[in-house]
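Asks: Sharing a structure here in structure tokens format.
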Amino acid sequence: MAITLGELAERLGVTLQGGDPACEITAVSTLQHAGAGDLSFLANRGYRRYLSGTRAAAVILAAEHAAECPVAALVSANPYATYARAAALIAPRAPARQGVHPSATLGEGCQVDATAWVGPHCIIESGAIIHAGVQLAGGCFIGAGSRIGAHGRLSANVVVCHGVSIGERVNIYPGAVIGSEGFGLAREGGKWLNVPQLGSVRIGNDVDIGANTTVDRGALEDTVLEDGVRLDNQIQVAHNVHIGAHTAIAGCVGISGSARIGRHCMIGGGAGIVGHLEITDNVIITGMTMVTKSITKPGIYSSGVPAQDNDSWNRNYARFRQLDRLAKKVHALERRLAALDGEQRGRD
Amino acid sequence: MAITLGELAERLGVTLQGGDPACEITAVSTLQHAGAGDLSFLANRGYRRYLSGTRAAAVILAAEHAAECPVAALVSANPYATYARAAALIAPRAPARQGVHPSATLGEGCQVDATAWVGPHCIIESGAIIHAGVQLAGGCFIGAGSRIGAHGRLSANVVVCHGVSIGERVNIYPGAVIGSEGFGLAREGGKWLNVPQLGSVRIGNDVDIGANTTVDRGALEDTVLEDGVRLDNQIQVAHNVHIGAHTAIAGCVGISGSARIGRHCMIGGGAGIVGHLEITDNVIITGMTMVTKSITKPGIYSSGVPAQDNDSWNRNYARFRQLDRLAKKVHALERRLAALDGEQRGRD
Amino acid sequence: MAITLGELAERLGVTLQGGDPACEITAVSTLQHAGAGDLSFLANRGYRRYLSGTRAAAVILAAEHAAECPVAALVSANPYATYARAAALIAPRAPARQGVHPSATLGEGCQVDATAWVGPHCIIESGAIIHAGVQLAGGCFIGAGSRIGAHGRLSANVVVCHGVSIGERVNIYPGAVIGSEGFGLAREGGKWLNVPQLGSVRIGNDVDIGANTTVDRGALEDTVLEDGVRLDNQIQVAHNVHIGAHTAIAGCVGISGSARIGRHCMIGGGAGIVGHLEITDNVIITGMTMVTKSITKPGIYSSGVPAQDNDSWNRNYARFRQLDRLAKKVHALERRLAALDGEQRGRD
């Protein structure tokens, strides 16, 4: 969509500096690759070196970089957020469709709003409710009695099991599974009995759930994702987990049953959270960290082990296997040295 | 389903203590949230503090806690297993359906038992056999010549590739993929050749396979899951893996090719098992552990690294990178101290 | 397919030694289980012990083992690659189908080559192009404007989002998702804004993508997989990642945004690659390693921590938590010992 720089500045609530307000913007691009008609942005200092040579029509940037900008500048206190809004204006999402594709199957008593779209081969089970503007791309399964809130977008082959409640403006990406059975097992005579999983999943508004991510239903009470949660791809959220509002979780994270994660947390890729613990608000967990105890103080927590060349690693790890012995040797040395010291002083 | 306490005690084979056998139970709930008509349970000591205040109609618990129970008690040697059975009686699964949905496609020569249900948009390829009572929720793909044993339940969008054999009463959750090609590669001139994966997958009875879990087919012989295995979500089982009966594996575990895991093992979330090794029966692997060698002795094995605050972690890890040097310094100190000690004794 | 040993040797370009060229081979099997009519191979030294007792009709092996071979030998410089080719001849893949299944849905302006197969319940969105010989098994979603190059094979329930370009002879296994939105978030006032993901995914020729693996589309430029890349199951490839030709990546690996991985690399299962870094060609990353910095030198890199028995692990890890203090103690000991040494020498 073409939009003038002047209108863009106004709609984004930022200051246009050094450019023609009538100049038309038709696309977004990186500082390196932008050309005429392109809007770019500088949010990450690592890309500052590309600013002076950019051929973009305009650049969104912070006030401190405006002086170095060779082209029109849109000056923002938060250039990345301003870019996100600008890109959504210039390159809008595919328009919403309406209706039910003839190949979709609708169960008894399900309700599909007239402004929603149910794509090919979708399966809407009995009693499910699809609210206004919802877009089901195709091949989605919506279980009995589930509810998809207004303006949700479910990509292809998403599965929402029975009785799940999903808020408004929720994006769910392909292959994600919401509300599958939790992994509840009772042991009896060396065999496993399945514990019926009778809770469900409740998802707030403005949540995103990545491709092939799984969110299990609760055992008795519900698994809960509060408003604004962001889940990347390939994440496992076990039964009865509770994730606080505006927490963002990167790919391949596993969260065990009944863990309670606070608001405004950030969890790095591949991290693992043990069950039945609590993480307070504003905690950052770095990549591949394992959280085994509750975290009661905001801050950054880590245990992801950075790579070394294999020879160094093997040498160091061999020592680690004997670390307790090494520590005991050090303590023995301390005692012997203290004794020796004492003897010597006695002699002096 | 409503059931009286008396009937419940009888069907569960447990003792009713201090309650009216005619009292009707209509639901299950937690100790904290249960009300009239609800059955609850005490299996985890952490919840004992809620027992005295519970308003449940009855509580399943161990004999040692019966005296503190303020309401009717169902006394069991294994309260969690008893609860699992009780919950299955009180809140039974959705009733089985029968027939083939008109939108399903059936290949040549496939057999679907009259008591099975093939849901919407399922694809049954040629020669596949669907046994009595099987429930295919919808969007499932059953490859040519595969066999789903009696009373299996496949949730939405499950894929079973060709030639796979699945036992009786197997639950497979949404998005799971059984029998995809193993990752078999031969290197030739810097490029990869795919090694045809000609084995299949054999799954025993009473197995559960979680959402988006993948179990690859064997290269020449089969990948095998014995009876009673439980796999959680997001697990990767590579070609020619063999998992012994009644082993339970938590989410996000990766098992490399030709690993052989014993019976009655428990593997924690995010663990990784290297290929071509053997783990004996009754082994417990804790979360995020990497198993690199065969384990021949039952017991608990670990290498998952618990989180620390980021500053401590960075300081400690910086030392770990030099751990071999540190160990050498300690040995040098030991030698110098021994020498010094000797000199001193010589002098005395 | 039956083939004589003589023809096999000729087509594989290897030497037949000690066997009847007219002998018919009808199947492939392991050294232990092969019988009459079976071809076997010896590629891994661990299996050499089975060679003397094999009842295979012929064995593919290296020259150094030919003398010990009790049956006909097909002598190859690269037995595993020769076996891969032989197995493909003897046990060919299911024959290609042609046409569009009546249950598939085709969007406006999409093109399906007459020699391609679009299986049941596939959804081809507007403007997508399906080239010659492509096989879509069933339940696949091909987004608007995407292109599947000639002779690609997409297993059941594969999702290719809009605008994705896939080269020739690409295999994609069930449940894989190509081109879902990247995890691009801008923070504003404690909430997350989604940054539109306007790039796409470009996949070269002869690439394999495993079951339930996810490859996200780029933010502004494309996510790229060069020719010959092999991805196993359950892998996450984030936005703007670039994977060089002939790199093979095992299951459960997570690659963060904008990481650039070289050619001919091998990445072990469960490894994690941090974003915005570069790994040069011919690098090997072992299992469960976390790469946090660019790697500029070919070689092997590790940080996966091997399991110990739980008691040893706990003792050693407790010391690790104090490793910085331990190292300081060692340095203090060194200083005190040096001082003591000096005093003593002064006294002598």
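Chains as they are written, first to last, in the working numbering: chain A, 1 to 348; chain B, 1001 to 1348; chain C, 2001 to 2348.
Think of the CB as a built atom: it goes at the ideal place given N, C-alpha and C, for glycine as much as any other residue.
To the nearest angstrom, how far is it from the Cα of residue 312 (chain A) to the Cα of residue 203 (chain A)?
Replies: Taking the first residue of the first sequence as position 1, residue 312 (chain A) is located at position 312. Taking the first residue of the first sequence as position 1, residue 203 (chain A) is located at position 203. Going by C-alpha positions, residue 312 (chain A) is about 46 Å away from residue 203 (chain A).
Asks: Against residue 2234 (chain C), what residues of chain A qualify as contacts under a CB-to-CB distance less than 9 Å, listed in chain order?
Replies: As a first step, residue 2234 (chain C) is located in the third sequence; it is residue number 234 there, counting from the start. Simply 212, 234, 252.
Asks: Pull out every residue of the region 1277–1293 of chain B whose Cβ sits closer than 9 Å to any Cβ of chain C, in chain order.
Replies: 1284, 1285, 1286, 1288, 1289, 1290, 1291, 1292, 1293
Asks: What did DSSP end up calling residue 2314 (chain C) once you bin it into helix, strand or coil?
Replies: Locating residue 2314 (chain C) in the third sequence gives position 314, where the first residue counts as 1. Reduced to three states, the DSSP call for residue 2314 (chain C) is helix.
Asks: Put residue 293 (chain A) into one of helix, strand or coil per three-state DSSP.
Replies: Here residue 293 (chain A) refers to the residue found at position 293 of the first sequence. Coil, per DSSP.
Asks: Would residue 1972 (chain C) pass as an interface residue toward chain A - the criterion being a Cβ-Cβ separation below 8 Å?
Replies: A question about residue 1972 (chain C) goes unanswered here, because the residues of chain C that appear run from 2001 up to 2348.
Asks: Along the alpha helix (DSSP H) that carries residue 986 (chain B), what are the first and last residues, could you check?
Replies: Limits of chain B in this structure are 1001 at one end and 1348 at the other, which puts residue 986 (chain B) out of reach.
Asks: In chain C, which residues lie with their C-beta within 9 Å of the C-beta of residue 1320 (chain B)?
Replies: Working through the second sequence from its first residue, we reach residue 1320 (chain B) at position 320. Simply 2320, 2323.
Asks: Give me, in chain order, the residues of the same chain whose beta-carbon lies closer than 7 Å to that of residue 1055 (chain B); leave out the 5 immediate sequence neighbours on both sides.
Replies: Within the second sequence, residue 1055 (chain B) is the residue found at index 55, counting from 1. Excluding residues within five positions, the ones whose Cβ falls inside 7 Å are 1034, 1035.
Asks: Residues of chain B with CB under 7 Å from residue 157 (chain A), in chain order?
Replies: Within the first sequence, numbered from 1, the residue matching residue 157 (chain A) stands at position 157. In chain order: 1157.
Asks: Measuring only the C-alpha atoms, how far is residue 2106 (chain C) from residue 1081 (chain B)?
Replies: Against the third sequence, residue 2106 (chain C) aligns to sequence position 106. Against the second sequence, residue 1081 (chain B) aligns to sequence position 81. Cα-Cα distance, rounded: 51 Å.
Asks: By the criterion of Cβ-Cβ separation under 9 Å, what are the contact partners of residue 2301 (chain C) in chain A?
Replies: Against the third sequence, residue 2301 (chain C) aligns to sequence position 301. What residue 2301 (chain C) touches in chain A: 307, 308, 309, 310, 313.
Asks: Out of curiosity, what's the CA-to-CA distance linking residue 316 (chain A) and residue 1320 (chain B)?
Replies: Mapped onto the first sequence, residue 316 (chain A) falls at position 316. Mapped onto the second sequence, residue 1320 (chain B) falls at position 320. Residue 316 (chain A) and residue 1320 (chain B): Cα-Cα distance of roughly 7 Å.
Asks: Kindly provide the ranges of any beta strand (DSSP E) runs that are 3 or more residues long and lie completely inside the region 2207–2294 of chain C, ordered along the chain.
Replies: 2214–2216, 2223–2225, 2283–2285
Asks: Residue 1349 (chain B): which of B:1124, B:1116, B:1119 sits nearest, CA to CA?
Replies: Since the first residue shown for chain B is 1001 and the last is 1348, residue 1349 (chain B) is missing from the structure and cannot be characterised.
Asks: Quick check: the Cα distance between residue 162 (chain A) and residue 1052 (chain B), rounded to an integer number of angstroms?
Replies: Position 162 of the first sequence, counted from the first residue, corresponds to residue 162 (chain A). Position 52 of the second sequence, counted from the first residue, corresponds to residue 1052 (chain B). Their Cα atoms are separated by approximately 34 Å.
Asks: If we require 3 or more residues per run, which beta strand (DSSP E) segments fall completely within the region 2131–2204 of chain C?
Replies: 2177–2180, 2185–2188, 2191–2194, 2201–2203
Asks: Assuming residue 2006 (chain C) is part of the beta strand (DSSP E), what are its boundary residues?
Replies: In the third sequence, counting from the first residue as 1, residue 2006 (chain C) sits at position 6. Annotation for residue 2006 (chain C): no beta strand (DSSP E) segment contains it, though the alpha helix (DSSP H) segment containing it runs 2005–2012.
Asks: Got a sec, what are the start and stop residues for the alpha helix (DSSP H) residue 2032 (chain C) sits in?
Replies: As a position in the third sequence, residue 2032 (chain C) is number 32, starting the count at 1. Careful: residue 2032 (chain C) lies outside any alpha helix (DSSP H) and carries neither H nor E.
Asks: Would you kindly report the start and end of the unbroken alpha helix (DSSP H) that includes residue 1323 (chain B)?
Replies: Residue mapping note: residue 1323 (chain B) aligns to position 323 of the second sequence, counting from 1. Per DSSP, residue 1323 (chain B) belongs to the alpha helix (DSSP H) from 1323–1347.
Asks: Note down, in chain order, every chain A residue with its Cβ under 9 Å from the Cβ of residue 1330 (chain B).
Replies: The residue given as residue 1330 (chain B) occupies position 330 in the second sequence. Simply 326, 329, 330, 333.
Asks: What residues of chain F sit near residue 1091 (chain B), judged by a beta carbon separation below 7 Å?
Replies: In the structure shown, chain F does not exist; the protein chains are A, B and C.
Asks: Can you name the start and end residues of the alpha helix (DSSP H) that residue 1066 (chain B) belongs to?
Replies: Locating residue 1066 (chain B) in the second sequence gives position 66, counting from the first residue. Counting along the chain, the alpha helix (DSSP H) containing residue 1066 (chain B) begins and ends at 1063–1066.
Asks: Decide if residue 1181 (chain B) is buried, meaning its Cβ has at least 16 other Cβ atoms within 10 Å, or exposed.
Replies: On the second sequence, position 181 is the one that residue 1181 (chain B) refers to. Looking at its Cβ environment, which holds 16 or more other Cβ atoms inside 10 Å, residue 1181 (chain B) is buried.
Asks: Can the beta-carbon of residue 1270 (chain B) be found closer than 8 Å to that of residue 1252 (chain B)?
Replies: Working through the second sequence from its first residue, we reach residue 1270 (chain B) at position 270. Working through the second sequence from its first residue, we reach residue 1252 (chain B) at position 252. Their beta carbons are under 8 Å apart, which means residue 1270 (chain B) touches residue 1252 (chain B) by this criterion.
Asks: By DSSP's criteria, residue 21 (chain A) is part of a beta bridge. Which residues make up the other side?
Replies: To locate residue 21 (chain A), count along the first sequence from 1; it is residue 21. Per DSSP, none; premise fails for residue 21 (chain A).
Asks: Please list, in chain order, the chain C residues whose beta carbon lies closer than 8 Å to that of residue 1171 (chain B).
Replies: Taking the second sequence and counting its residues from 1, the one referred to as residue 1171 (chain B) is at position 171. Within 8 Å Cβ-Cβ: nothing; residue 1171 (chain B) doesn't reach chain C, min ~18 Å.
Asks: Since residue 1306 (chain B) sits in a beta bridge, which residues does DSSP pair it with?
Replies: Taking the second sequence and counting its residues from 1, one reaches residue 1306 (chain B) at position 306. Its beta-bridge partners are A:290.
Asks: List, in order along the chain, the chain C residues whose C-beta lies closer than 8 Å to that of residue 1117 (chain B)?
Replies: By one-based count along the second sequence, residue 1117 (chain B) stands at place 117. Counting only Cβ-Cβ distances below 8 Å, residue 1117 (chain B) has no contacts in chain C at all, with the closest Cβ about 17 Å away.
Asks: For residue 2094 (chain C), count the other beta carbons within 10 Å of its own beta carbon; 16 or more makes it buried, fewer makes it exposed. Which is it?
Replies: Residue mapping note: residue 2094 (chain C) aligns to position 94 of the third sequence, counting from 1. With fewer than 16 Cβ atoms within 10 Å of its Cβ, residue 2094 (chain C) is classed as exposed.
Asks: For chain C, find out if any of its Cβ atoms is closer than 8 Å to the Cβ of residue 1033 (chain B); answer yes or no.
Replies: Against the second sequence, residue 1033 (chain B) aligns to sequence position 33. By this cut-off, residue 1033 (chain B) is not an interface position.
Asks: In terms of residues, what are the limits of the alpha helix (DSSP H) holding residue 88 (chain A)?
Replies: By one-based count along the first sequence, residue 88 (chain A) stands at place 88. First-last of the alpha helix (DSSP H) with residue 88 (chain A): 79–90.
Asks: Could you tell me the distance, in whole angstroms, from the CA atom of residue 1077 (chain B) to the CA atom of residue 1062 (chain B)?
Replies: Taking the first residue of the second sequence as 1, we reach residue 1077 (chain B) at position 77. Taking the first residue of the second sequence as 1, we reach residue 1062 (chain B) at position 62. Their backbone Cα atoms lie some 6 Å apart in a straight line.
Asks: If contacts are defined as beta-carbon pairs under 8 Å, then residue 2090 (chain C) and residue 2113 (chain C) qualify, I think. What distance do you get, rounded to the angstrom?
Replies: As a first step, residue 2090 (chain C) must be located in the third sequence, where it is residue number 90. As a first step, residue 2113 (chain C) must be located in the third sequence, where it is residue number 113. Not quite, the Cβ-Cβ distance comes to about 29 Å (not below 8 Å), so this is no contact.
Asks: Across which residues does DSSP place residue 2099 (chain C) in a beta bridge pair?
Replies: Taking the third sequence and counting its residues from 1, one reaches residue 2099 (chain C) at position 99. In the DSSP output, where bridge partners are listed per residue, residue 2099 (chain C) has C:2117.
Asks: Contact criterion: CB-CB distance below 8 Å. Does residue 261 (chain A) meet it with respect to chain B?
Replies: Mapped onto the first sequence, residue 261 (chain A) falls at position 261. It does not: the Cβ of residue 261 (chain A) has no partner Cβ on chain B nearer than 8 Å.
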